[in-house]
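Engineer: The following block contains the structure, expressed as structure tokens.
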Amino acid sequence: MAPPSHPWNLSPSEAIALQKELAARVICRGTPENVKTVAGVDVSFGGEMARAAAVVLGFPDLEVTDHAVVTRPVTFPYIPGLFTFREGPVAVAAIEQLAKRPDLIIFDGQGLAHPRRLGIASHMGLLLDLPTIGCAKTRLCGTFDPPGPEKGSWSPLIHRGEVIGAAVRTRTNVRPVFVSPGHLLDLPSAIRFVLACCRKYRLPETTRQADHVAGGGGIRDPSAGPRTPSGRPRP
DNA sequence: GCGACAG
DNA sequence: ATCTTGTCGC
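For the first sequence, full-length UniProt numbering assigns the number 235 to the last residue and increments by one with no breaks.
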């Protein structure tokens, strides 16, 4: 079936109805074969503008090979459960600017681990018809037992009796991240790819590189010059 | 009704 | 997300 296409200028209630329809088309099974490139996507805000960055890394070497940045006006408020309608439009634009479509994309947010099973990773996977993974810094819904303290250990994230994702320890003795399949792969695969993208930090390199390019810490005026911790010029 | 609530 | 300095710990 053809990848779905739809307008973004919806009201919150219309957006919720759309999520329920699209969720039925998400496929959380299988494992992507021959993955040679993995992309990371992240969006930062400044005033009324949203800036998305898509960065492509080689897999499994994780060397950056391409990136694209797109800035647009914000058109939707932040509402837990609906933030795809805030970050999705500009995120898609950035991904479409890449020279080549990546083999897999990791988003900074949930995938299946969403109240209606359609976090940004699942939604984007459907629209782009690409394998996607949701890797969030915090939980949106579901309950879980703390995973073991060592890097690599994880515990299932459960919601309404279903396993929707996992709390994964990407670094020893560091808060876990929340991984869930977005589209076209299962949970075990999602966990393996996220761990394979982690080096010496809690977040996968894909997300870190995208955050870096998007302007982690907010969109600021370049002509404002560098700022020091004290806000005072460096001696 | 009350608390929770991706970024 | 963004605003924002110093600080406790491995």
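Built from N, CA and C at the ideal position, the CB exists for glycine as well.
Using DSSP bridges, identify the partner residues of M49.
Structural biologist: According to DSSP, which records beta bridges pairwise, M49 is partnered with G46 and P73.
Engineer: Report the option in V69, N34 and L18 whose CA atom is closest to the CA atom of H212.
Structural biologist: Checking every option, the nearest Cα to that of H212 belongs to V69.
Engineer: What are the boundary residues of the beta strand (DSSP E) that includes G161?
Structural biologist: Unbroken run through G161: none, as it is neither H nor E.
Engineer: List the endpoints of the continuous beta strand (DSSP E) containing residue 256.
Structural biologist: Because residue 256 is not part of the residues shown, which for the chain are 1 to 235, the question remains open.
Engineer: Is it a yes or a no for the segment 175-183 touching the segment 192-208, going by three-plus beta-carbon pairs under 8 angstroms?
Structural biologist: The segment 175-183 vs the segment 192-208: in contact.
Engineer: Using only the alpha-carbon positions, how far apart do F85 and A15 sit?
Structural biologist: Cα to Cα, the separation comes out at about 8 angstroms.
Engineer: Spatial neighbours of D145 within its chain, please: C-beta separation below 7 angstroms, excluding the five flanking residues on both sides.
Structural biologist: Once the five neighbours on either side are set aside, the close Cβ partners of D145 are S155.
Engineer: Does any heavy atom of the ligand MG sit closer than 7 angstroms to the C-beta of R51?
Structural biologist: Ligands are entirely absent from the displayed structure, and the ligand MG is therefore not among its contents.
Engineer: Could you tell me the distance, in whole angstroms, from the CA atom of R117 to the CA atom of I191?
Structural biologist: Between R117 and I191, the C-alpha separation is close to 18 angstroms.
Engineer: Just how far apart, CA to CA, sit A121 and G217?
Structural biologist: Those two C-alpha atoms are separated by around 22 angstroms.
Engineer: Measuring alpha carbon to alpha carbon, tell me which of E96, V35, R25 and N9 ends up nearest A196.
Structural biologist: Nearest of E96, V35, R25 and N9 to A196, Cα basis: V35.
Engineer: DSSP has C135 in a bridge; who is on the other side?
Structural biologist: DSSP output for C135 lists V179 as bridge partner(s).
Engineer: Thinking C-alpha only, which one of A54, V163, L104 and P115 is nearest E33?
Structural biologist: Nearest of A54, V163, L104 and P115 to E33, Cα basis: L104.
Engineer: Assuming F107 is part of the alpha helix (DSSP H), what are its boundary residues?
Structural biologist: Taken as a continuous stretch (DSSP letters only), F107 belongs to no alpha helix (DSSP H), being part of the beta strand (DSSP E) at L104 to F107.
Engineer: Residues in the same chain with beta-carbon distance under 6 angstroms from T65, minus the five sequence neighbours each way, listed in chain order, please.
Structural biologist: Within the same chain, T65 has close Cβ partners V56 and G58.
Engineer: Mind checking which residues open and close the alpha helix (DSSP H) that includes A99?
Structural biologist: Element bounds for A99: n/a, residue is neither H nor E.
Engineer: May I ask which residues mark the beginning and end of the alpha helix (DSSP H) holding P188?
Structural biologist: P188 -> alpha helix (DSSP H) spans L187 to A196.
Engineer: Roughly how many angstroms separate the alpha carbons of V168 and G134, rounded to a whole number?
Structural biologist: Their backbone Cα atoms lie some 12 angstroms apart in a straight line.
Engineer: For P131 and H114, I'd like the C-alpha separation in whole angstroms.
Structural biologist: In a straight line, the C-alpha of P131 is about 17 angstroms away from that of H114.
Engineer: With a threshold of 8 angstroms on Cβ separation, who are the neighbours of L18 within its own chain once the five nearest residues in sequence on each side are excluded?
Structural biologist: Once the five neighbours on either side are set aside, the close Cβ partners of L18 are H6 and L10.
Engineer: Grouping DSSP H, G and I as helix and E and B as strand, with all else coil, what is T37?
Structural biologist: T37: strand per DSSP, three-state reduction.
Engineer: How would you call D61, buried or exposed, if buried means at least 16 neighbouring beta carbons within 10 angstroms?
Structural biologist: Exposed, because fewer than 16 other Cβ atoms sit within 10 Å of the Cβ of D61.
Engineer: Taking just the CA atoms, how far does T207 sit from G152?
Structural biologist: The alpha-carbon atoms of G152 and T207 are separated by roughly 18 angstroms.
Engineer: State the Cα-Cα distance for the pair I164 and F193, rounded to the nearest angstrom.
Structural biologist: Answer to the nearest angstrom: the Cα atoms are 17 angstroms apart.
Engineer: Could you give the residue range of the alpha helix (DSSP H) that holds E205?
Structural biologist: It spans E205 to A214 - the alpha helix (DSSP H) in which E205 sits, taken as one unbroken run.
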